[in-house]
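Numbering-wise (full-length UniProt numbering), the sequence shown opens with residue 1 and increments by one. Beta carbons are placed, not taken as given, at the ideal position from N, Cα and C, and that holds for glycine. For clarity, every value in this text was computed on a predicted model and none was experimentally measured. Worksheet: one structure, shown below.
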Amino acid sequence: MRFFRDLSVSSFSAGFVAVLVGFTSSAALVFQAASDLGATPAQIGSWMLSLCLGIGVTGIYLSWRFKAPIVTAWSTPGAAVLVTAASSATLPEATGAFVLCGLLMAMCGFFGWFESIMRRIPPAIAAGMLAGVLLRFGMAAFAALETAFTLVFPMLLTYLLARRLIPRYAVMAPLVTGIAVAAATNALDFSALSFSLTTPQWVTPAFSVQALMGVALPLFAVCVASQNLPGLAVIRAAGYQTPSSPLIGWTGVATLLLAPFGAFGINLAAITAALCTGPEAHDDPAKRYTAAIVSGLFYLVAGIFGASIGALFLAFPKELVMAIAGFALINTIGSGLVSALQDEHHREAAMVTFLVTASGVTLLGIASAFWGMIAGGAALLILQTPGLQRRRAGKSMTQTAARESEE
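Set out below in structure tokens:
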């Protein structure tokens, strides 16, 4: 079978790290959102089952179909929206909002609305947004040296040596080192670990205008702006020209079908996708789809055991997860900055996009990736107006003439 021929140790490692980072970075927020909406422990487990099932199936199917690393994820900003909306919606009303969000996502994809939006975004702006989204994770890797030096420094040293000697295993090597050091220092906490199968729990959706305005529309907005836009930017930055319509459409369908069981938002991944699209996942770009399929398989296993498997991933020290994610993203951040800054005419607007996105500012419940795009687009519009362009060109010619006269 082609998948097993294309699979490598590095792609298997990248897929595992993607799931590890996904769980440890936001699973607790999902648990909190479900609990705040009044979900029982069994229903919380059903949320994880439905989310992981949707992520696993869509990631495997789309990656195999397009032979590209298509990684999907639950909406972390969406979970934050649910936490803030818990006081104004019941669990059935929130479930109805999930259904509406999935329907809107499917329509946005299959009707070509999302593709139309992406065609209007200059590549430099998209690259600046991508670099800004990932920058915080790269910085967090080195910030972890302050709180866990004995764990993170050996991982950093291993990463650098692996990049020099065995670049194909530049992510696997520091991960193994980190686990070994954590085990030796008793930093792995498996006290909450127990394995039990999860049973899906049906919640009959209820529809109300209040839930539509307070949950469904904000959830849809953050899924598009904070997840799918940067998610597709990751895919494009890696050189894959996969059409966006089926990606958005099928993740919307998965959300729609699994919403009664707790799937509040399944969409393209950004951070974890970057872990599977770079050279660390596989030397051959045509074979990196295997990393995304491995990630999907791990999500399916995680879903079967629901919240139990979450305890397994949460047993890893947070500094280990921050470090391995940051090291794995170094090349992707660098490539994003190169793409953002290489076009002189778009450079300033791309920098505005990068800085706003990297700031982490959140307005109206929508994360910084969206506002970075808005700010960069506004900067580009202002800087590209004919009158301003002439003034800038004149100023540039004057400066050049002054330099030549000095020489």
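Rank the options by C-alpha distance to the C-alpha of residue i and give the top, closest one.
{"i": "Ala369", "options": "Ile293, Leu297, Thr242 and Val224", "result": "Val224"}
{"i": "residue 409", "options": "Ala79, Leu156 and Ser245", "result": "Residue 409 lies beyond the residue range present for the chain, which begins at 1 and ends at 407; the question has no answer from this structure."}
{"i": "Gly178", "options": "Ser8, Asp284, Leu212 and Leu151", "result": "Leu151"}
{"i": "Val9", "options": "Met213, Leu175, Ala237 and Ala323", "result": "Leu175"}
{"i": "Phe261", "options": "Ala328, Leu7, Ile121 and Val99", "result": "Val99"}
{"i": "Leu103", "options": "Arg347, Leu256, Val361 and Val338", "result": "Leu256"}
{"i": "Val19", "options": "Thr357, Ala302, Leu157 and Ser116", "result": "Ala302"}
{"i": "Thr251", "options": "Asn331, Val338 and Asn267", "result": "Asn267"}
{"i": "Phe114", "options": "Ala14, Gly249 and Ala328", "result": "Gly249"}
{"i": "Ala143", "options": "Phe110, Ala323 and Arg5", "result": "Ala323"}
{"i": "Val17", "options": "Leu157, Leu320, Lys67 and Ala350", "result": "Leu320"}
By how many angstroms is the C-alpha of residue j removed from the C-alpha of residue i?
{"i": "Gly54", "j": "Thr272", "result": "16 Å"}
{"i": "Met397", "j": "Leu219", "result": "In this prediction, Met397 scores a pLDDT of 49, lower than 50, which makes its location untrustworthy; the coordinate-derived value is nonetheless stated afterwards. Using only the alpha carbons, I get a separation of about 49 Å."}
{"i": "Ala233", "j": "Gly45", "result": "32 Å"}
{"i": "Pro243", "j": "Leu383", "result": "30 Å"}
{"i": "His282", "j": "Ala170", "result": "11 Å"}
{"i": "Gly38", "j": "Ala259", "result": "16 Å"}
{"i": "Phe31", "j": "Tyr159", "result": "33 Å"}
{"i": "Thr58", "j": "Thr72", "result": "7 Å"}
{"i": "Thr185", "j": "Ser26", "result": "25 Å"}
{"i": "Thr76", "j": "Ala106", "result": "19 Å"}
{"i": "Arg65", "j": "Tyr289", "result": "10 Å"}
{"i": "Phe12", "j": "Val294", "result": "6 Å"}
{"i": "Gly265", "j": "Lys318", "result": "25 Å"}
{"i": "Pro279", "j": "Leu363", "result": "35 Å"}
{"i": "Trp47", "j": "Arg347", "result": "43 Å"}
{"i": "Leu134", "j": "Val83", "result": "24 Å"}
{"i": "Thr40", "j": "Gln342", "result": "52 Å"}
{"i": "Gly360", "j": "Pro285", "result": "31 Å"}
{"i": "Leu156", "j": "Phe327", "result": "8 Å"}
{"i": "Ser116", "j": "Pro200", "result": "37 Å"}
Look at residue i and residue j and say whether their C-beta atoms are less than 9 Å apart.
{"i": "Gly296", "j": "Ile60", "result": "yes"}
{"i": "Val21", "j": "Leu300", "result": "no"}
{"i": "Phe305", "j": "Leu188", "result": "no"}
{"i": "Gly128", "j": "Gly334", "result": "no"}
{"i": "Val209", "j": "Thr95", "result": "no"}
{"i": "Val356", "j": "Gly56", "result": "no"}
{"i": "Phe23", "j": "Ala182", "result": "no"}
{"i": "Ala292", "j": "Ser63", "result": "yes"}
Leaving aside the five residues before and after residue i along the sequence, list all residues of the same chain whose C-beta is less than 6 Å from its C-beta, in chain order.
{"i": "Leu51", "result": "Trp74 and Ala263"}
{"i": "Ala325", "result": "Val21 and Phe137"}
{"i": "Ala162", "result": "Tyr169, Ala170 and Ala173"}
Run through DSSP, which three-state label would residue i get?
{"i": "Leu37", "result": "coil"}
{"i": "Met397", "result": "Per-residue confidence for Met397 stands at a pLDDT of 49, beneath the threshold of 50, marking its modelled position as unreliable; the derived number appears in the next sentence. Met397 falls in the helix class under three-state DSSP."}
{"i": "Ala340", "result": "helix"}
{"i": "Asn267", "result": "strand"}
{"i": "Thr204", "result": "coil"}
{"i": "Ala97", "result": "helix"}
{"i": "Thr242", "result": "coil"}
{"i": "Thr72", "result": "strand"}
{"i": "Leu297", "result": "helix"}
{"i": "Leu104", "result": "helix"}
{"i": "Leu188", "result": "coil"}
{"i": "Leu53", "result": "helix"}
{"i": "Leu175", "result": "helix"}
{"i": "Leu197", "result": "coil"}
{"i": "residue 411", "result": "What is shown of the chain runs 1 to 407, which leaves residue 411 out entirely."}
Can you find the residues in the same chain that come closer than 7 Å, C-beta to C-beta, to residue i, ignoring five residues on each side of it along the sequence?
{"i": "residue 417", "result": "It is not possible to answer for residue 417, since the shown part of the chain is limited to 1 through 407."}
{"i": "Phe130", "result": "Checking the sequence shown, residue 130 turns out to be Leu, not Phe. So the qualifying residues of the chain are Pro230, Ala233, Val234, Ala237 and Gly336."}
{"i": "Pro122", "result": "His346 and Leu380"}
{"i": "Arg2", "result": "none"}
Ordered along the chain, which non-local residues of its own chain (more than five positions away) have a Cβ less than 8 Å from that of residue i?
{"i": "Ala206", "result": "Thr90, Pro92, Glu93, Thr95 and Gly96"}
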